[in-house]
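Protein chains in written order, with my numbering: chain Z, 1 to 233; chain P, 1001 to 1438.
One structure is given below, encoded as structure tokens.
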Amino acid sequence: MTATFAPVLPGSARPDASAPSTPRNLPEKGGTANPSAEAIAAKFGQAYIRSEVVWGDTTVYVRPDSVLEIVRWLHDDPSQRYDYLSDVTAVEYRDPEQEMEVVWHLRSLPFRRFLRLKAPLAKGSPLVVDSVWPVYKGADWIERECYDMFGITFRGHPDLRRILMWESYREGFPLRKDFPLRGRFSRAEQLRQALSITTEGRYSMEELSVAEAFEDLPEEMRRRLAGGERTGE
Amino acid sequence: MATKTRTVEVALGTAGVDADGRAVRTPMTVTENGAVSTLEAPPLGPAPELQGEHMLINIGPQHPATHGVLRLVLELDGETVVRCVPHIGYLHCGFEKIGEYRQYNQIIPWTDREDYLNSIGNNVAFSIGAERLFGVEVPPRCTVLRVIAMELSRIISHLVWLGTTCIDLGAFTPFLWSFQERENVYNLLESWVGARLTTSATRVGGMAADIPDGWTDQLRNFIRTFPKTVDECDRMLTRNGIWIGRTTGLGVMSSDEAINYGLSGPMLRASGVAYDVRKDFPYLDYETYDFEVPVGSHGDVYDRYLVRMEELRQSTRILAQAVDRLPDGPVNSSDHRVILPPKSRAMSDMESMIHHFKQVMEGPRPPVGEVYVPVESPKGEKGYYFVSDGTAKPVRWRIRPPSYVNLSAISKMVEGHLLSDVIAINASIDIVMGEIDR
């Protein structure tokens, strides 16, 4: 039989706080800021850019190269305890001059707090940020999707591959603003590429990174895989 | 907050085999004179060589037990899973990209189609998010109707989960019972919004339609009869030796792991974390309803089953309270920024007609800003994240898909379990590929 767990109750770190209620008549800008914003500003003066409260949620802008450090501190520090990663995504604005932003939605279950962390990536610079996977295992697929859709490289991610698009997809990153809604390639070219994909290759051992089993495969399959045919590229 | 304690113990006998796996009964033979005698028990052969090679097996993308187009590549040692590599994306339609080219109200039909078992719940979630972005408040009747919509869709989703999981594990009867009840809910929805699956029931600032006359009586009737079906399924499964044997101890996630992996909904609560968006970050006045959050204590497939069964009952409780407090009044906000003028005025009054025209052709414009509004969908924390640059179409519309994040833990959950248990664990996640691939 498996072990039993004691129930974990959200809000346990603030037992005296009033029960949460549905927010009403939120101001567009301003309002009560999340105390973590001030704490980040005090602790990471160099990395902190600014913070704002929009529709009741606090957004903290930080420099992209210190995101992992800040997130790790938010996760570990007993006064913060952001133990839950809701989402990682990115925003590219229609204005081509405006910088792209990577967005982390963090949640502290013990304090019942919500914090939005944003790291602007300057135009023209490489789209690279640190992966928060070492802190939150749940970041694995979310960051892969962000990479797949925006082409943002998450440094330190264990397995940064495309996830929703197929691996041989060559049209670019679909959620970027320079990507046309219908895709880059013509229908004829998309069809040609789809038909040229070797379905056999989709079952490759390399994909599983069990290379030691390669020798045991049938001769013909080994030849095909060694010829780089596995994804039809 | 109620904590359910499990009192069922597994006592599956393995008669006929001793502790070493040796047969305790010996084969019988008939001698020449017709007497029956038993043979000497055959000596045990040498232990088999079990250090064989690993096998690669592929499940899906077209396989009924993967609940959609999910592909799992499994590396097996005998029948034990050593490694699992999931592949998704077969149903990717680019919802988020399309949303950037649509006005807010035009996106609502897309939300039907992502988690299509919870379509009306997605409509409500989208509208709550968009209304916060616009700064619009909805009247009380609309709020209560939305609570009814969300709980009905939770019931639909959990019933489909229950039925399909039973099918996966070899029980056919609860599937028929749960799908019959689901049909009753769909009849209710059909008489309300005209559609069964693709409801598009809400608008930014209100609902597409008020409920028809006599609808609450039908709903009350459903609330009265539905618990009986839950009890029947409960009686069929909860203490059923086969059900227990096939679900306990599988895919265990401890509370810390479940939080760290970002699990949400019944998956997280089965691991003992009492996080429910309706309680912790309320919306639609959920804090004024009297309901309990069931949590598990083992974090396995059986606990997820218990949690979802209890949520069916709690949803019925919420429905009963909502239908009792349903106030009269308008269902749409009076905010002219998002709501069309009445048709009679639009056809007779020049200003109203211009307003109508601009509202339809150009669409309402939210102020520059961003919101992330989570709701408790049947699968877990579903959040819509909007970024607006002041135009009528969002710069970014992001869906935080709960079953996508829940599914990402499948590799960890199935490792070390048998191949047949992969099906049970996968079923317990309650995935909808429409939401995962979007």
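Beta carbons: idealized from backbone N, C-alpha and C, even for Gly.
Asked                                                                                                                                                                                         : Found
Please confirm whether P/Ile1088 and P/Leu1072 have their CB atoms less than 7 Å apart.                                                                                                       : no
I believe P/Gly1296 touches P/Arg1269 by the beta-carbon criterion, under 8 Å. Please report the beta-carbon distance rounded to the nearest angstrom.                                        : 7 Å
Any C-beta of chain Z within less than 8 Å: which residues of the segment 1298 to 1317 of chain P qualify?                                                                                    : His1298, Gly1299 and Asp1300
Assuming P/Pro1374 and P/Gly1383 form a contact by the criterion Cβ under 8 Å, report the distance between their Cβ atoms to the nearest whole angstrom.                                      : 4 Å
Between P/Ala1427, P/Asn1122 and P/Val1273, which lies nearest to P/Thr1199 when the distance is taken from Cα to Cα?                                                                         : P/Asn1122
Looking only at its own chain, which residues have a Cβ that is under 7 Å from the Cβ of P/Arg1196, when we skip the five neighbours before and after it?                                     : Tyr1186, Leu1189 and Glu1190
For Z/Ser204, count neighbouring C-beta atoms within 10 Å of its own C-beta (all shown protein chains included) and say buried if the count is 16 or more, exposed if not.                    : A caution first: Z/Ser204 carries a pLDDT of 48, below 50, which makes its placement in the model unreliable, though a value can still be read off. Its Cβ being crowded by 16 or more others within 10 Å, Z/Ser204 is buried.
May I ask you to verify whether the segment 105 to 113 of chain Z touches the segment 154 to 166 of chain Z, counting CB pairs closer than 8 Å and requiring at least 3?                      : no
What does the alpha-carbon distance come out to for the pair Z/Met1 and P/Gly1272?                                                                                                            : Summary for Z/Met1: the model assigns pLDDT 47, below 50, so the residue's position carries little reliability; its value from the coordinates is reported in the next sentence. Approximately 16 Å, taken between the alpha carbons.
Please determine if the segment 1366 to 1380 of chain P and the segment 1259 to 1267 of chain P are in contact, where contact requires at least 3 C-beta pairs separated by less than 8 Å.    : yes
For the structure I just gave you, are there three or more beta carbon pairs, one from the segment 1329 to 1345 of chain P and one from the segment 1275 to 1294 of chain P, closer than 8 Å? : no
Taking the beta strand (DSSP E) that P/Leu1237 falls in, what are its first and last residues?                                                                                                : Segment Trp1215 to Leu1237 is the alpha helix (DSSP H) holding P/Leu1237; no beta strand (DSSP E) there.
Indicate the three-state DSSP secondary structure (helix, strand or coil) for P/Cys1142 in the structure shown.                                                                               : helix
Using the beta-carbon count (16 or more within 10 Å), is P/Gly1129 buried or exposed?                                                                                                         : buried
How would you write the range of the alpha helix (DSSP H) that P/Lys1412 sits in, first residue to last?                                                                                      : Ile1410 to Val1414
Per DSSP, what are the beta-bridge partners of P/Leu1176 in this structure?                                                                                                                   : DSSP output for P/Leu1176 lists no bridge partner at all.
Hey, could you find the ends of the alpha helix (DSSP H) P/Asn1122 is sitting in?                                                                                                             : Ser1119 to Phe1134
Checking contacts by CB at 7 Å: is P/Asn1260 closer than that to chain Z?                                                                                                                     : yes
For the segment 1399 to 1432 of chain P, list every residue whose C-beta sits within 7 Å of some C-beta in chain Z, in sequence order.                                                        : Arg1400, Tyr1404, Val1405 and Ser1408
Quick one: any contact between the segment 69 to 85 of chain Z and the segment 133 to 148 of chain Z, if contact means 3 or more CB pairs under 8 Å?                                          : yes
If you scan the segment 1303 to 1361 of chain P from start to end, which runs of the alpha helix (DSSP H) of 4 or more residues do you find wholly inside it?                                 : 1343 to 1346 and 1350 to 1361
Excluding five sequence neighbours on each side, which residues of the same chain lie with their C-beta closer than 7 Å to the C-beta of P/Thr1216?                                           : Val1323 and Leu1326
What is the DSSP secondary structure of Z/Glu206, reduced to helix, strand or coil?                                                                                                           : At Z/Glu206, the pLDDT of 49 sits below 50, so the modelled position is not reliable; the number obtained from the coordinates is stated separately. The answer is helix: DSSP assigns Z/Glu206 an H, G or I state.
With a cut-off of 7 Å, does the C-beta of P/Arg1325 fall near any C-beta of chain Z?                                                                                                          : no
For a quick check, are the C-beta atoms of Z/Leu121 and Z/Asn34 less than 7 Å apart?                                                                                                          : no
Going by DSSP in three states, Z/Phe150 sits in which element: helix, strand or coil?                                                                                                         : helix
So, is the C-beta of P/Ala1201 closer than 7 Å to a C-beta in chain Z?                                                                                                                        : no
Would P/His1336 pass as an interface residue toward chain Z - the criterion being a Cβ-Cβ separation below 7 Å?                                                                               : no
Classify Z/Leu234 as helix, strand or coil using the three-state DSSP reduction.                                                                                                              : What the structure shows of chain Z is the stretch from 1 to 233, and residue 234 of chain Z is not part of that stretch, so it cannot be assessed.
For the segment 1108 to 1140 of chain P, enumerate the residues whose C-beta is nearer than 9 Å to any C-beta of chain Z, in chain order.                                                     : Arg1132, Leu1133, Gly1135 and Glu1137
Considering only DSSP beta bridges, list what P/His1417 is partnered with.                                                                                                                    : In DSSP, P/His1417 forms no bridge with anything.
Ends of the beta strand (DSSP E) at P/Pro1374?                                                                                                                                                : Gly1369 to Ser1377
Apart from the five residues on each side of it in sequence, which residues of its chain come closer than 8 Å, Cβ to Cβ, to P/Arg1083?                                                        : Leu1074, Glu1075, Ser1411 and Glu1415
Tell whether a beta-carbon distance below 7 Å holds between P/Ala1427 and P/Thr1080.                                                                                                          : no
Verify whether the separation of the beta carbon atoms of Z/Ala47 and Z/Val62 is less than 7 Å.                                                                                               : yes
Given a limit of 8 Å on CB to CB distance, which residues of the segment 126 to 144 of chain Z reach chain P?                                                                                 : Tyr136, Lys137, Gly138, Ala139, Asp140, Trp141 and Ile142
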